[in-house]
Structure formats: C-alpha cells, structure tokens
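Input: a single structure, listed below in structure tokens.
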Amino acid sequence: MRRSRMRRLACAAALALGAALLSPAVPSAAAADPYQVLVFSKTAGFRHDSIPAGITAIQQLGLANDFTVTATEDATAFTPQNLAAYEAVVFLSTTGDVLNDSQQNALKGYVDGGGGFVGVHAAADTEYDWPEYEDLVGAWFQSHPAIQEARLTTEDHVHPATAHLDDTWTRTDEWYNYRSNPRGDVHVLQSLDESSYSGGEMAGDHPITWCHPQQDGRSFYTGLGHTIESFADPDFRQLLLGGIQYAAGAVEADCSSTGEPGPGGDSAEAEAYTSSSGVQIAPHPAASGGATLGYIDHGDWAGYASLDPAGATAFTARVSSAGAGGTIEVRAGSATGPLLGSAEVTPTGGWDTFTEVTTPLTAAAPGAGPLFLRFTGGAGALLDVDRFTLTRTPATEDEGSLGVHLFYYPWYGTPQGPAGSWRHWQQGGHTPPASIGADLYPKLGPYDSGDIAGAVDQHMKWVQRSGAGVIVYSWWGQGSYEDGLAGDVMDAAARHGIEVAWHIEPYTGRTAASVVDDIAYLEGKFGDHPAFYRDAAHGDRNAYYVFESLRIQDWSALDAVKDTAIVLAQTTDTTKVAHFGGIYTYDGIAGATAPGWKQAGDYAKANGLVWAPSVAPGYIDDRAVPGNTTPTLDRADGASYDRQWNNALDPAIGGDPTWVSVTSFNEWHEGSSIEPAASDPPPGHGYETFEGAYGKTGAAAETAYLDRTAYWADRFEQRRG
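Number 310 in our numbering belongs to position 321 of the sequence shown; there are no gaps in the numbering.
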C-alpha cells in the first residue's frame, strides 16, 4: 500500500517538476488516494495539556485534506499488521517509555519498510532506553527554559511544512534544547535564533524542525507545539499538515541532510536572511533546502541578525554561477560595515552546479553587530549562495576564561574541621547541619572551607567545569581566618588551572592606606604563586575588587599601586572612581535591569579602566536575615541568569565589559550561588532547589548553573576574540 502510493506520486511529481522550478510558490499536495493516520499520545512522564487540542487539530486537518485520523493511547496498536493500515504515525507529545520491545520493533519495521513518522514536541522526550528511537526522531530532549517568545529562521522555503512561512517567524512556545545537534543527520527546516530569547543551549546552531529519510520511510519532527494555543495557529497547523503529508508520502520533498554544523561555528542557509536589498530566494532542487540566495546583482546584500561574526576565523560558502561570478564580501554590522574578508566566485557553468569558496576572516570587534554579505561584480546576475558556515575556534576547551571571575567565599566552618566550630552556616539563628542560614542547601552539605582535600578540591573541579578561569577570593584582612586559608586554597586552585584574584572586604579599620598595605602584603606573600592572577592584557597587573568602596571618600592612596595593581570600585557612579583602575557592581539583583551599566562601561573604556559588571542567577536571603525587607530575585529556572548575562554582553546595555564577574560561586546566605545545591535537602525546612533550571530535574539540575556559566563563558570569549 505505501510503496504503490509512492510510485503514483512519483509520476505526479515528475509532471509537476517544471512548474515547481518556475515559481517559488507553496507547493500543493499531489492528488492522492485517501489515507489513514494514527495519532499516539501515551505518556509515562510529564503530560502536556495541549494533547487534546493537538488531536482535534489533526482530525480537522484530516477532514480538510483527505486523510482520516485514529487517536489512541493503547500501545498494543503497535503490531506489524495494525500499522500496515496507516500511512503515517504521529507521536503527539509522548513522554517516557511508552512501547515495549515488540512494539518498538513493530514501529521500526513499519518506518524502515516505507511508513511515515511524525514527532511533535515531547516526542523527543520519549523512549530513552531504545537507541534506534534517537535516530528515528532525530535528537533526544535535553532541557528547556521558561515559555517565552522567540524568533525562528526558516531554512527551507520549499518543503510543504515551511513553504508558507516568511524568512523569520516570531512566536511563543516552550523551546527545547537537545542532547545533540541533529543537523548532520537530518534536513533542517527551521532553527531558533538563540539571541532572541533566554535559555538556548546549542551554541547558536539550534535546529527545531527537521525531516529525514528513514531507510524506505520518512521522518518529520518539530519541537513546536507545547502550548494549547499552538494548535489554533494557522501557520503552525500548516506546518503540522506539511509534516504529516510528507511523512505519509502524500507530497514529495527533499529531506536530504543539510550537512554537519561547522566545528565551533555557525551554519546557515543563505536564503534565511533577515534583511536584504535586491536579492531573492531562488528554488533549486540541487541546493541544500531546495533553494538558494539568488537574483544577485552588483551592490545587493543580505543580513543575518542571528549570526555574530565576532570570533569567526573563516567563511565558507557553497555557491553556483551561470552568470558573471563576483565577490562575496563578509561584513559586520551593516552592508557597509567593517570588511572582514572576501571570497571570489568564478562561473561554475550552471545555477545547479555548486562548488565551495572560502576566505579567512579578520577579527570582528566584539559588539560590531551581526553578519552581512555584500555582493560585487559585473553586470547582470552574478551568483547564487546556497549554504555557508562561519568557522570558530572554541574559546574554552581546556582552560577557563580569564575574563570570567567568580566571587568565592572561604569563610565556612564546622566543629569537626579546622575551624573547630560552626562558622557562617548558623547565620540567622539556625542550628546546622540540618538547618542553615540559606534558602538553598549545598550539595556537599554545610562544609568547612579548611577541608582542602575534600570540599575545596571539589570546588575547584566545579569552577573548572563552569568555564571560569578566576575566583575572586573573599579576604577579610591580614591575619583573618580567610587569610590563613588563602595559601592552601590557592594550591587547590593551581591543581585545576584556576587563578585567584582578591575581594577586599570591609574589615574593621579598613582605609585607603590599609588597602594599599594589603596589596603589598598579598603581593609579597603570594605574588610568586602559580595561581596568583595577573591580567596579561593590562600590564600583568593583579586584581583587587574593593567591596563597598563608597564607605571611603578619599582613595588617592591608590595612586601608589596603579602601575602594579588593578583596583576596582564597587559602583556605577563614575564620579566615585577617581584613583581606581576599574569598576564592578557585585549586586545580584541590579543585573536584571543593568542600571547605569552602559554609562559605566563607556566611561571605563574612554578612561582606560577595567569594566567588570556582575551577573547573578538570583537572590534570596530570607533564612539568613529573618524579617528583612531586602528585595529578592527569583531564578525563574535560569531565565534571570540568562537575562543578566545578555545584559552584560549587549554593548547597548552592558557597555562592552573587560571582564564579567559572577555573584557568586558560593555565597549561600544570599542565594546567589552557582555551586551545586542539593536536589534532596533535609526536609521540613523549606529549602529551595535548582529543580527545573534549564529544564533539568533531580541530580542533573544540581549542576545546571555551572554548565550554563560555561556556555556564557564561551560566548564571552568568542566576543572578546
């Protein structure tokens, strides 16, 4: 039944091919016999409340498009005999282990033998114990941020699922991250612009809708469809219809692989531009996605808002030319922005005869703006561009970013450890170990900061995992508890490639002169230590953050150390930074709105100062300071952290930082820690957890903020070049 349908459709497709090449219009389905579709929505995990709306929508699509729908949650329907009656099977937000071994074999045999599979949204959150299922669906679910608006890029304007869409599509949904990038094995139809929302974890190349052949059968998947409202959206319904028709064999479509994502780079279909002048989309069956960027004349250009050329080292494009050929100019920010490189295209002999061209790129300045391609040459049509890649060198492979600094607190103690008593954990009148002065509970429990081989060594492993290369050590003066531990903590840091800067706290009797003396003391005591941080880009000077620097009015004493040390004031008031070498904010709440950041950053750049705004995942100190009225900042499953990082890295908001400081690695009293928090804290105390952060649960959520920091550290290094 399925193979005979495909033979009839092949004839119809051949007759229609010429017309399809003449017009980029949405292809209509070839005439086909009525057929049947099975919709399966069994869940063994989270259950989406959009499932009933999805079933209804598919039934309505079937009535209007000549297929009938059977909806079931009975897995016994998966037998070879029963599946033979259907042209396509839709997994509608299934979750967990929904098929036994024989049912899995039946589904695999059905699709491999010529059947169709359609996965919608949580179909990627299904059958983790069945390796072949990952190949069938394309990629398994990893995590998701909060539901929010995002921008999608249409990479294929010919496939019946996406031919009706504009180059970009802005909508609200729950945006999945996947355990692997499927691009190398599937044909990507849509991708997410990770700069348009918070919580994307796929390094800028984020497929969200795709298709691929599955032996003799066909597979289609879309990550859209979490919300009930999705199934009333005409554009989403058309996308779903095109996917079902393709999977059922009712329409032909090119679902060959779009190719591997560039190593450490960004790939895009050239026709998926977001702004342009002169160019048009040209349908070409031999092109990736079935279309190219075409009709290119001298002076035309195309812009790609989601692609940042900062950090890119090379540009490679698949091109064709039956015209004069020409030059592809790679620019930053606008069609007349800085020229990064030029690739020459010579005639290839036909518009469907493709070759690759490449050019090295000079470094784009961080914040220079998105990628633009401008075209020059002779008269008439010059060339077509199919797919292109920006190659990047990963910034943080083995060593952490020396531009990302984590505030680190070595002030905790236990009766069993070197402290000999509880230190800090009892803040707010609590009785450790079950009850501590924090709204989160450490994965390690209430530890002793003098436990170098245990807690501190684990901390340095976690700092290394976070992608940060520097901790900013909370230091309370000469002879303090923290001073006594500093050498041992630095030894642990050195073992893991971490460097140490200093946070000069407001100890009793602190003055500008005493801070100058402290700098000489720390330099003399630890200056030769391999973990002692020095900034090579700023004269190998070491770094000192001064907390609550506004407590002291006259800092002129710092002039004595300006050539050997970078001393940072905690403020955005630039009238208060005379004699300092830099500015930071520390505040774990302010980063959500970034007040004064742009002005402080611009002032720092104009005056040769370091600008190190502070970002935090959230703030809550209710258990540490009972009854206080300090505002709090909810983590929002990671959205707050992403918002602060986005603010820091957006030059229009964050002022182009030199470093980014993170509040904090382990200030547990303030609830700002990225150190792993226990997913199963002592009951009865109302502790929060990281559950749900970036879509992760249980033990996986405990390290969610470490891993997200690594993501942002890499993004920051790419921008810094």
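No residue lacks a Cβ here, since even glycine has one placed at the ideal position from N, Cα and C.
Keep in mind the model is a prediction, meaning the values are calculated, not measured.
Burial state of residue i, where buried means 16 or more other Cβ atoms lie within 10 Å
i       : result
GLN467  : exposed
GLN559  : buried
GLN93   : buried
SER82   : buried
ARG168  : exposed
LEU282  : buried
ARG(-8) : Here the model assigns ARG(-8) a pLDDT of 34, short of 50, so the residue's position is not dependable and the matter cannot be decided.
SER266  : exposed
SER388  : The sequence as given places Glu at residue 388; Ser does not occur at that position. Exposed is the call here.
GLY597  : exposed
LYS685  : buried
LEU539  : exposed
GLU471  : buried
GLY456  : buried
SER91   : exposed
GLU249  : Residue placement at GLU249 is poorly supported in this model, since its pLDDT is 45, which falls under 50; the coordinates are not used for a value here.
ASP155  : exposed
GLY590  : buried
GLU318  : buried
PRO670  : buried
ALA384  : Residue placement at ALA384 is poorly supported in this model, since its pLDDT is 41, which falls under 50; the coordinates are not used for a value here.
ARG709  : buried
ASN635  : buried
Check whether residue i and residue j have beta carbons under 8 Å apart
i      : j      : result
PRO171 : PRO196 : yes
ASP428 : GLY193 : no
ASP182 : ALA139 : yes
VAL651 : PHE304 : no
GLU190 : TYR700 : yes
MET716 : PHE536 : This structure gives no information on residue 716, because the portion of the chain shown stretches from -10 to 710.
SER219 : ASP162 : yes
ASP524 : ILE555 : yes
GLY85  : THR32  : yes
TRP719 : TYR430 : There is no way to answer for residue 719, as the model of the chain reaches only from -10 to 710.
HIS394 : VAL459 : yes
ASN166 : GLN131 : yes
ILE441 : ASP477 : yes
GLN137 : ALA74  : no
GLY288 : ALA321 : no
LEU557 : ALA601 : yes
LEU50  : LEU229 : yes
LYS551 : GLY644 : no
LEU391 : SER438 : no
Any non-hydrogen atom of the ligand NAD closer than 7 Å to residue i Cβ
i      : result
LEU379 : You won't find the ligand NAD in this model; it holds no ligand whatsoever.
Rounded Cβ spacing between residue i and residue j (contact assumed at less than 8 Å)
i      : j      : result
ILE508 : TYR533 : 6 Å
VAL649 : PHE705 : 6 Å
ASP114 : GLY34  : 7 Å
LEU362 : GLY312 : Contact doesn't hold; Cβ gap of about 17 Å is too wide.
ALA567 : ALA502 : Not a contact, Cβ separation roughly 16 Å.
GLY104 : ALA77  : 7 Å
GLY69  : ALA95  : Here the sequence assigns Pro to residue 69, which means Gly is not the residue at that position. With 8 Å as the limit, PRO69 and ALA95 qualify as a contact, their Cβ atoms being about 5 Å apart.
HIS492 : VAL461 : 5 Å
THR692 : PRO665 : 5 Å
CA nearest to the CA of residue i, picked from the options
i      : options                           : result
ALA454 : GLY312, TRP586, ALA589 and ILE663 : Note on identity: in this sequence residue 454 is Arg, with Ala being the wrong assignment. Nearest option by C-alpha distance: ILE663.
THR380 : GLY406, LEU350, GLY392 and SER390 : LEU350
TRP411 : LEU391, GLY434, HIS394 and SER390 : GLY434
GLY315 : ALA368, ALA353 and THR325         : ALA368
ILE217 : ALA301, HIS37 and PHE80           : HIS37
HIS133 : VAL147, VAL109, HIS153 and TRP164 : TRP164
SER623 : VAL614, GLN633, GLY616 and ASN617 : According to the sequence provided, residue 623 is Asp. The question's Ser does not apply to it. Taking only the C-alpha atoms, the option nearest ASP623 is GLN633.
THR403 : ALA423, LEU557, LYS97 and GLY627  : ALA423
ILE285 : PHE209, VAL308, ILE541 and ALA294 : VAL308
TYR575 : LYS565, GLN588, THR561 and LYS587 : THR561
TRP657 : ASN617, GLY607 and ASP631         : GLY607
GLU333 : GLY238, THR157, PHE364 and GLU123 : PHE364
THR159 : HIS148, TYR186 and VAL175         : TYR186
Per DSSP, cross-strand counterpart(s) of residue i
i      : result
ASN635 : ASN635 pairs with nothing; no bridge assigned.
ALA139 : ARG160
ILE460 : LEU395 and VAL489
GLN179 : THR143 and THR198
SER265 : ALA291
ILE317 : ALA332 and PHE364
ALA271 : THR281
PRO349 : ALA303
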